[in-house]
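Per the numbering used here, the sequence shown runs over residues 15 to 220. Ideal Cβ positions, reconstructed from N, Cα and C, are used throughout, including at glycine. First the structure, in the form of structure tokens, and then the observations on it.
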Amino acid sequence: ILFAKAKHELGKPIFTSDRFWERPPVGVSMGLAWTAMGGATLYIEAISYHASKREMKLTGQAGSVMKESSEIAWNYVHSVIEELAPNISFFEGLSVHLHIPEGATPKDGPSAGITMATALFSLLLGRPVRDDLGMTGELTLTGKVLPIGGVKEKVIAARRSQLKMLIFPKDNQRDFDELPSYIKKGIKVHYVENYKEVFRVAFGKK
15 ILFAKAKHEL GKPIFTSDRF WERPPVGVSM GLAWTAMGGA TLYIEAISYH
65 ASKREMKLTG QAGSVMKESS EIAWNYVHSV IEELAPNISF FEGLSVHLHI
115 PEGATPKDGP SAGITMATAL FSLLLGRPVR DDLGMTGELT LTGKVLPIGG
165 VKEKVIAARR SQLKMLIFPK DNQRDFDELP SYIKKGIKVH YVENYKEVFR
215 VAFGKK
């Protein structure tokens, strides 16, 4: 009764779960974003379709930095596909569409780089990413994972969406360690320096 009364007087909660799926399908990965309202989960969706030219396009009101991140993810995955998935060709005869849902909301920044690469690998492998995993980190062309901002806000968003496992850049470990224990409780974090470590967590070691 008290909850119902509070809900009536205060209105809809500002922060609710951002999860679109209980079990994300193939080609979808979940990132973590830092917004003016705090932290949020951020999905990256990837589909492929037959086309005369192999190319990638990005939609979802992505800014210039995020567009560059998608190009880096695309080229990085292309460069390591033979090593990480040796029996799979890189979108031969296909084009790829990456989309960031909630298209009315502008988005920018480099921290979705590893999430984009993971969505592409999921699509290539035909395997879903584990459903309790969220990630954030800037990706370079050589696979390095660089630090990001908004660690506290992103961890709160992860708790709100009931994520149990996160991937953070190694250089953000101190930021996580300094958070209050009630925010960190029940969340396991993998700290990575290279995307190949992300791949092992997301898809399992072969």
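Buried or exposed for residue i, going by 16 or more other Cβ atoms inside 10 Å?
i: P209; result: Looking at the sequence shown, residue 209 is not Pro but Tyr. Buried, since its Cβ has 16 or more Cβ neighbours within 10 Å.
i: N186; result: buried
i: G200; result: exposed
i: M51; result: exposed
i: K71; result: exposed
i: K168; result: buried
i: I15; result: Its pLDDT being 43, under 50, I15 is placed unreliably by the model, and the measurement read from it follows with that caveat. Answer is exposed; the Cβ neighbour count stays below 16.
i: T129; result: buried
i: T55; result: buried
i: G123; result: buried
i: G157; result: buried
Spatial neighbours of residue i within its chain, please: CB distance less than 7 Å, with the 5 preceding and 5 following residues excluded, ordered by chain position.
i: K184; result: Y205, V206 and E207
i: E36; result: D145
i: L155; result: I86, N89 and Y90
i: K202; result: K178 and M179
i: I162; result: S125, T150, G151, E152, P183 and N186
i: E69; result: S109
Since residue i sits in a beta bridge, which residues does DSSP pair it with?
i: F182; result: Y205
i: T129; result: T129 pairs with nothing; no bridge assigned.
i: M44; result: Y57
i: T49; result: G52
i: A76; result: K121
i: Y63; result: S109
Please decide whether residue i counts as near chain D, where near means a Cβ-Cβ distance under 8 Å.
i: A171; result: Of the chains in the structure shown, none is chain D; there is only one protein chain.
Express the C-alpha separation of residue j and residue i in angstroms, rounding to a whole number.
i: E211; j: K67; result: 31 Å
i: G127; j: S83; result: 5 Å
i: P100; j: G140; result: 14 Å
i: G53; j: F105; result: 33 Å
i: A131; j: F190; result: 23 Å
i: G77; j: T119; result: 11 Å
i: L147; j: V79; result: 24 Å
i: I102; j: Y63; result: 16 Å
i: Q176; j: Y57; result: 15 Å
i: V159; j: P194; result: 25 Å
i: E59; j: H111; result: 8 Å
i: G164; j: I181; result: 14 Å
i: R188; j: I61; result: 36 Å
i: K121; j: K81; result: 10 Å
i: G218; j: T49; result: 31 Å
Give every residue of the same chain whose Cβ lies closer than 8 Å to the Cβ of residue i, excluding the five residues on either side of it in the sequence, and list them in chain order.
i: P142; result: R37, P38, P39, V40, V42 and S136
i: A65; result: G107, L108 and S109
i: I197; result: K166, V169, I170 and R173
i: I28; result: Because the pLDDT of I28 is 44, which lies under 50, any placement of that residue in the model is unreliable, and the number read from its coordinates should be weighed accordingly. Excluding residues within five positions, the ones whose Cβ falls inside 8 Å are M51.
i: F213; result: L98, T132 and F135
For residue i, collect the residues of the same chain with a Cβ closer than 6 Å to its Cβ; drop the 5 residues on either side in sequence, then sort them by chain order.
i: A216; result: T132 and V143
>> Would the stretch 45-65 count as touching the stretch 150-165 if we require 3 or more Cβ pairs under 8 Å?
In response: Cβ pair count under 8 Å is three or more, so yes.
>> Can you confirm whether the stretch 127-138 touches the stretch 81-95 when touching is taken to mean that 3 or more C-beta pairs between the two stretches lie within less than 8 Å?
In response: They touch, by the three-pair rule.
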